[in-house]
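These protein sequences, in sequence, are chains U and W.
With the first letter of the first sequence counted as 1, position 23 gets the number 23 in the numbering used here; the numbers rise by one all the way through.
With the first letter of the second sequence counted as 1, position 107 gets the number 1107 in the numbering used here; the numbers rise by one all the way through.
Note that CB positions come from ideal geometry on N, CA and C, so glycine has one too.
Working notes for the structure below.
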Amino acid sequence: MAETVLRFILGGAIVTAFAAMGDMLKPKSFAGLFGAAPSVAIATLGLTLRMKGPAYCAIEGRSMIGGAIAFFVYACLVSTFMGRRRMRALHATLLAMPAWGLVVTLIWFLGYRS
Amino acid sequence: MKPYGVEIDREGLRGTGWRDYALRFILGGVVTASAGVIAKIYGPVIGGLFLAFPAIFPASATLIEKHEIKKKAKASFDGTIRGIKAASIDATGAAIGTIGLALFAAIVWKLLGHYSAWAVLTAAILVWLFSSVAGWLVMKRI
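Below, the structure is given as C-alpha cells:
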C-alpha cells in the first residue's frame, strides 16, 4: 500500500512537471513532444530499481518499446481524428485509446509472449 | 531569442490554472500506481508495456483546445476549429516524441545492469530529449 501511494505521488509530480514544461513552450508541435515524455517510466523505474533491481527494470524497458510503438499509432490517430474529422480533443483522445490497447496486445502477442 | 522558432508561451502559462495541474497530477499518479500494480500481478513484461501509456496526453490536448477557445471567445469569436487544429498539431508533436520514447526504452533495456542505474536513466532521458527535438526539426523541414 505504501509503495502504491509513493508511486501515485511520484508519478503525479513527474507527469505534472513534464506537462508544465509543455505548457511553457510554443509552437504547439514542439510542446507536443512533452506529451510523449517518459514521465510514467521515470517515476516507475526509479522506484522499481530500488525494489527489484536493474535486471527487472531492463525487462520493463524492453516491453516499453512495444508500448511506445502503440503510443505512436495512438497519437497519429488522434491527430487524424482532429485534423481531418474536426473531432473535439476529448472525444478524439478517448476514441483512439482502444487503439493503443489493441496495438499493445498485438505487439505482446507477436513479440513478448514467449 | 527564438532558436528554431521555439519560445516561451506566456499565455499558455497564464491560462493553466491549479485545477488543470491537479487533474494531471491525479491522472499521472493513477497511471503510475496502476502500472506498478499491473507489473506486480502480471510481471515486468506486461507491466513494461504500460510505461508508455499516453498518460499526460488526453488532458494536455483538451487543455490546449480549451485555451484557444477561451482566447477567441475574449474577442467574441468561436475558437472551436482553431482549438481543434492546435490540439491536432500537439498530437503530431507527441507522435514524434514517441520515437524518442522508444529510444529511451531501448537504452534502459540494453544498458541497465551494465552501468550505473542513475547514469543510464539520465542518458536515456537525454536521448529522449535530443532525438525528439531532432525528429521535430526534421518534420519542420519536410
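| task | Please confirm whether Leu94/U and Pro1058/W have their CB atoms less than 8 Å apart. | result | Locating residue 94/U in the first sequence gives position 94, where the first residue counts as 1. Locating residue 1058/W in the second sequence gives position 58, where the first residue counts as 1. Yes, the Cβ-Cβ distance between Leu94/U and Pro1058/W is below 8 Å.
| message | So, does the segment 64-79 of chain U touch the segment 1097-1110 of chain W, judging by three or more C-beta pairs under 8 Å? | response | Contact between the segment 64-79 of chain U and the segment 1097-1110 of chain W is present, with at least three C-beta pairs closer than 8 Å.
| Using a beta-carbon distance below 8 Å, is Ser1132/W in contact with chain U? | Taking the first residue of the second sequence as 1, we reach residue 1132/W at position 132. Among the residues facing chain U, Ser1132/W is included, as its CB has a counterpart in that chain under 8 Å away.
| How long is the line joining the alpha carbons of Glu3/U and Cys57/U, rounded to whole angstroms? | Stepping through the first sequence from its first residue, residue 3/U is reached at position 3. Stepping through the first sequence from its first residue, residue 57/U is reached at position 57. When the Cα atoms are used, Glu3/U and Cys57/U turn out to be separated by approximately 16 Å.
| query | Which one of Gly32/U, Glu60/U, Ile9/U has the shortest CA to CA distance from Trp108/U? | reply | Here residue 108/U corresponds to residue number 108 of the first sequence, with the count starting at 1. Among Gly32/U, Glu60/U, Ile9/U, the Cα nearest to that of Trp108/U is on Glu60/U.
| field | Sequence-distant residues of its chain with Cβ nearer than 8 Å to Gly11/U (five each side left out) | value | Here residue 11/U refers to the residue found at position 11 when the first sequence is read from its first residue. If you ignore the 5 residues before and after Gly11/U, its C-beta comes within less than 8 Å of the C-beta of Ser39, Val40, Ala43, Thr44, all in its own chain and listed in chain order.
| message | Against chain U, with Cβ distances strictly below 8 Å, would Val1031/W count as a contact? | response | In the second sequence, residue 1031/W corresponds to position 31, counting from 1. It does; some Cβ of chain U falls within 8 Å.
| request: Look up Ile1056/W in the DSSP assignment and say whether it is helix, strand or coil. | output: Taking the first residue of the second sequence as position 1, residue 1056/W is located at position 56. Here DSSP, grouped into helix, strand and coil, assigns Ile1056/W to coil.
| field | Residue environment, Tyr1042/W, which counts as buried when at least 16 other CB atoms sit within 10 Å | value | In the second sequence, counting from the first residue as 1, residue 1042/W sits at position 42. Tyr1042/W should be labelled exposed.
| field | Delimiting residues of the alpha helix (DSSP H) encompassing Met51/U | value | Residue 51/U sits at position 51 when you count from the first residue of the first sequence. Its alpha helix (DSSP H) spans residues 39-52.
| At least one CB of chain U closer than 8 Å to the CB of Ile1041/W: is that the case? | Counting from one through the second sequence, the residue named residue 1041/W turns up at place 41. Chain U contact via Cβ: absent.
| Considering Phe1130/W, what are the terminal residues of the alpha helix (DSSP H) in which it resides? | The sequence position of residue 1130/W within the second sequence is 130, counting from 1. Taken as a continuous stretch (DSSP letters only), the alpha helix (DSSP H) holding Phe1130/W covers 1117-1141.
| field | Neighbourhood of Asp955/W by C-beta distance below 7 Å, restricted to the same chain and skipping five residues each side | value | Residue 955/W falls outside the range modelled here, since chain W spans only 1001 to 1142, and no answer is possible.
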